[in-house]
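J.: Take this structure first; my questions come after.
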Amino acid sequence: MDAKNKAKPVTALVVGASGNTGRLLVKELLNRGVHVKMIIRSLEKMQEDVKNHPHLSIIHANILELCETEMAHHVHGCNAVASCLGHNMTLKGIFGHPRMLVTDATRKLCDAIKENNPEHRVKFVLMNTAGNSNRDIPERVSFAQRCITSVIRLLLPPHLDNERAADYLRTEIRQDHNTIEWAVVRPDSLKDEDQTTAYNVYDSPTRSAIFNPGVTTRINVAHFMADLIVNAEQWHNWKGKMPVIYNKVSP
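For the sequence shown, the positions run 547 to 797 when this note's numbering is used.
Quick look at the structure:
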């Protein structure tokens, strides 16, 4: 392939990049040759093993404090945007502000993509939770789980935040947007491991997130999200959907 026809490198913006899953996604993307921009509030949380990587651009900012012009500038030139934002599991993280961190950031990022009016559609990959149902399809949820989810929705703001972020993509961006395509990745109970292992991906949960939860390692979530960003076949299979990911259980 001559230089003129050589494919341009993928550039991805990652938010929530200092979190337990976000930092793994940054590393996975860099290992795949992706140019990564990362928005990070605290430089103290920066990963030592990647901070000097030639394909990494570090943006020191609070995403919710960036103005529209700044956000559009950071998103400009990106083929993909990935959000691994979430709430810290502390009293302040669960009940403090911002209550709608994931939703507000998702909306702000999508507005920035639209403001740039890119020539080609930008992929938006959102990390969410298997406890959130995809209301675009008839997922099987027991009456007991629906009841408990209703209580969780009232008592734990992060769950409602995850629901609203996914609903924004489903109902406002939808399937036919001219500048944005999306996928919502739903892991179940998250745990840490050092190595990627085999995992399964489904259209809907195969287990109850409340009564019979599965396990998903963060490194597998990062691997799958990176696959969605760089692998055209994976993206074709899952765009506009809310895939659920579980670690593959050995027989």
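Even glycine gets a Cβ: it sits at the ideal position worked out from N, Cα and C.
1) Which residue's Cα is closest to the Cα of ASN758: GLN691, ASP773 and THR725?
2) Tell me where the alpha helix (DSSP H) around HIS620 begins and ends.
3) Does the Cβ-Cβ distance between MET617 and ILE609 come in under 9 angstroms?
4) Look up LEU559 in the DSSP assignment and say whether it is helix, strand or coil.
5) Can you give me the C-alpha to C-alpha distance between ALA744 and ASP657, rounded to a whole angstrom?
6) Within 10 Å of its beta-carbon, does SER696 have 16 or more other beta-carbons around it, so buried, or fewer, so exposed?
7) Ordered along the chain, which non-local residues of its own chain (more than five positions away) have a Cβ less than 7 angstroms from that of LYS787?
8) First and last residue of the alpha helix (DSSP H) that includes SER696?
9) Here's the rule: buried if 16 or more other CB atoms are within 10 angstroms of the residue's CB, otherwise exposed. What is PRO824?
10) Could you give the first and the last residue of the continuous alpha helix (DSSP H) run that contains ILE683?
11) Check ALA729 in the structure and name its three-state DSSP category.
12) Grab me the residues of ASN708's own chain with a C-beta within less than 7 angstroms of its C-beta, minus the 5 sequence neighbours each way, in chain order.
13) Whole angstroms is fine: what's the gap from ARG732's alpha carbon to LEU559's?
14) I'd like to know if ALA772 contacts chain D, where contact means its C-beta is closer than 9 angstroms to some C-beta of that chain.
15) Could you name the residues of the same chain whose beta carbon sits closer than 6 angstroms to that of ASP548, not counting the 5 residues immediately before and after it, in chain order?
16) Looking only at C-alpha atoms, which of ASN663, VAL795, HIS619 and ALA651 sits nearest to GLY632?
17) In terms of residue numbering, what span does the alpha helix (DSSP H) encompassing ASN746 cover?
T.: Reading from the atomic positions:
1) Indexing the sequence shown from 1 puts residue 758 at position 212. Of the listed residues, the one whose Cα sits closest to ASN758 is GLN691.
2) Position 74 of the sequence shown, counted from the first residue, corresponds to residue 620. Segment 614-621, the alpha helix (DSSP H) holding HIS620.
3) On the sequence shown, position 71 is the one that residue 617 refers to. On the sequence shown, position 63 is the one that residue 609 refers to. Closer than 9 angstroms, so yes.
4) As a working mapping, residue 559 is identified with position 13 in the sequence shown. Here LEU559 sits in strand by DSSP.
5) On the sequence shown, residue 744 is found 198 positions in, with the first residue counted as 1. On the sequence shown, residue 657 is found 111 positions in, with the first residue counted as 1. Distance between the alpha carbons of ALA744 and ASP657: 36 angstroms.
6) One-based indexing of the sequence shown puts residue 696 at position 150. SER696 is exposed by the Cβ-count criterion.
7) Within the sequence shown, residue 787 is the residue found at index 241, counting from 1. Contacts found: ALA729 and ASP749.
8) Looking up residue 696 in the sequence shown gives position 150. Counting along the chain, the alpha helix (DSSP H) containing SER696 begins and ends at 689-701.
9) Residue 824 is absent from the structure shown; the chain starts at 547 and stops at 797.
10) Your numbering for residue 683 matches position 137 in the sequence shown. Neither: ILE683 is in no alpha helix (DSSP H) and is coded neither H nor E.
11) Position 183 of the sequence shown, counting from 1, holds the residue named residue 729. When DSSP states are grouped into helix, strand and coil, ALA729 belongs to the strand group.
12) For the purposes of this step, residue 708 is taken as the residue at position 162 of the sequence shown. Once the five neighbours on either side are set aside, the close Cβ partners of ASN708 are VAL648, ASN674, THR675 and ASN678.
13) Within the sequence shown, residue 732 is the residue found at index 186, counting from 1. Within the sequence shown, residue 559 is the residue found at index 13, counting from 1. So the alpha carbons of these two residues sit roughly 20 angstroms apart.
14) The chain inventory of the structure shown lacks chain D, comprising one protein chain alone.
15) Residue mapping note: residue 548 aligns to position 2 of the sequence shown, counting from 1. Since pLDDT at ASP548 reaches only 45, below the 50 mark, its modelled position is unreliable, and the value read off the structure follows with that caveat. Cβ neighbours of ASP548 beyond the five flanking positions: none.
16) Stepping through the sequence shown from its first residue, residue 632 is reached at position 86. Checked all of ASN663, VAL795, HIS619 and ALA651; the closest Cα to GLY632 is ALA651.
17) Locating residue 746 in the sequence shown gives position 200, where the first residue counts as 1. Note, ASN746: premise wrong, no alpha helix (DSSP H); beta strand (DSSP E) at 745-748.
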